[in-house]
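Everything below concerns the one structure shown next.
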Amino acid sequence: MIPYGRQDIIQADIDAVVAVLQSDFLTQGPQVPAFERAVAEYCGVSHALAVNSATSALHIACLALGLGPGDLLWTSPITFVASANCALYCGAEVDFVDIDPRTYNLCPQALERKLIEAESQGRLPKIVVPVHLCGQPCDMQRIHELAQRFGFKVIEDASHAIGGRYQGQAIGSCRYSDITVFSFHPVKIITTAEGGMALTSDAALAERMALLRSHGITRDPAQMTHEADGPWYYQQIELGFNYRMTELQAALGLSQLQRLDQFVARRHELAARYDSLLAELPVVTPWQHPDSYSGLHLYVIRLCLDKIGHSHRQVFEALREQGIGVNLHYIPVHTQPYYAQMGFSNGDFPEAERYYAEAISLPLFPTMTSLSQDLVIEALKKGLMNGC
């Protein structure tokens, strides 16, 4: 089976993790802050907070921005459920903004229309979470302009996008957002096995997220309610969580970061080859915005179903039966049973639903060979011709 994604672990990564195992610190040692500094420097941002998952990063980002009961968070329906669930963890409500039919990201025009309507009803969102699907950045300049106009905060869900750029700047610079979140899951661009990071240019937000990721506990005398009882003393000053990243994870991440640009460049080579090989087939290949350099976590095609004569499911299953580990990113969040109970239903976000009816994620990872890519194309051709 050729998987849709795969981590690339080399001896240098293994050696970095073994060195930590042989050190005095398995957690809360020097590797985590070193990893944070390295990512912050790469992205050109002031602060980076490593955590145990991108989901945790989204959660503490929302809390740091003051999201709570009575508030609204808006995001894209084409994303992993964590982009929406983070609002529910805070007791807030969720709504969605339909996607752009070319980028598959949250559509700025749809966002503006929805904001105008929400303003008239007195129900503007407190936070908007644009998701850089597949690694391609959203139209962040336009979203930022809308944030200034309507008064909401912005969290970039860049789980797919480390190593990418927008308007020449690294994704994660927070030029147009309050906080940016990365994921380091094994199939992402670099991995820490599991892990995530929240980046910001705002020192107060960074301080709050650092507090929240570690039980709400501080050893900083300036934050305490009274003078410390002694050198052992700490205070819990709010309700936080155990969201810390381990030294093992950070060491792996630091090692992987050395090859980040190489990984993304290789993904672009493979994507360009896919574009060429798929040019004559009845599929829509990914469109890349000229202002952006995608991290290319995923290569998603859309089937031209009116030209095929087979269903989306038949083509998907035909590929799986031939050993091609295709996937689908993602099922529209508003159609999930948990969200349907909140009142969402099919038809609410038609562009997202059209995307779901046609999309297939083809295998893409840096160690993929031309032979493997040729096998994917041949299997796809058979699937398009014969179905399941």
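Convert by adding 592 to the 1-based position in the sequence shown; the result is the number in my numbering. Glycine residues also receive a C-beta, built at the ideal position from the N, C-alpha and C atoms. All of these numbers come straight from a predicted model, not from anything done at the bench.
- If you draw a straight line from the Cα of L791 to the Cα of V637, it is about 7 angstroms long.
- For R694, there is no enclosing beta strand (DSSP E), as DSSP marks it with neither H nor E.
- Fewer than three beta-carbon pairs drawn from the stretch 808 to 822 and the stretch 753 to 771 are found closer than 8 angstroms, and the two stretches are therefore not classed as touching.
- The alpha-carbon separation between L797 and W824 amounts to approximately 26 angstroms.
- Across the structure, G743 and A971 are spaced so that their CA atoms are roughly 49 angstroms apart.
- D966 is classed as exposed because its beta carbon has fewer than 16 other beta carbons within 10 Å across all chains shown.
- Distance check between I754 and each of K745, V746, Q728 places Q728 closest, using alpha-carbon atoms only.
- Here the alpha carbon of T784 sits roughly 16 angstroms from the alpha carbon of A750.
- Boundaries of the beta strand (DSSP E) around S775: 771 to 775.
- Exposure of A864 is indicated by the presence of fewer than 16 other C-beta atoms within 10 angstroms of its C-beta.
- Taking the Cα of L846 as reference, the smallest distance to any Cα among M593, G597, A611, Y596 is reached at A611.
- Looking at the backbone, the Cα of Q906 and that of P595 are separated by about 19 angstroms.
- Judged by their CB atoms, P700 and D731 are nearer to each other than the 7 angstroms cut-off.
- The beta carbons of P958 and F855 sit closer together than 7 angstroms.
- Relative to the Cα of R629, the nearest Cα in the group H904, P882, A679, M789 belongs to M789.
- Counting of Cβ neighbours within 10 angstroms places Q828 among the exposed residues, the total staying below 16.
- Within the same chain, and ignoring the five residues on either side of A626 in sequence, the residues whose Cβ sits closer than 8 angstroms to its Cβ are A842, L846.
- In chain order, A649, I652, G787, G788, M789, A790, R805, Y835, R836, M837 place their CB closer than 8 angstroms to the CB of V643, counting only its own chain and leaving out the 5 sequence neighbours on each side.
- The beta carbon of S775 is closer than 6 angstroms to those of A646, S751, G788 in its chain, skipping five residues each way along the sequence.
- Taking the CA atoms as reference points, T877 sits about 15 angstroms from R859.
- Between the C-alpha atoms of L849 and N978 there is a straight-line separation of about 43 angstroms.
- Exposure of E913 is indicated by the presence of fewer than 16 other C-beta atoms within 10 angstroms of its C-beta.
- For R598, the closest alpha carbon among the candidates L680, I952, P929, H889 is that of H889.
- Here the stretch 658 to 676 makes contact with the stretch 944 to 951; the two share three or more CB pairs at distances below 8 angstroms.
- V609: not part of any beta strand (DSSP E); member of the alpha helix (DSSP H) spanning 603 to 613, first to last residue.
- The alpha-carbon of L716 is positioned some 19 angstroms away from that of I691.
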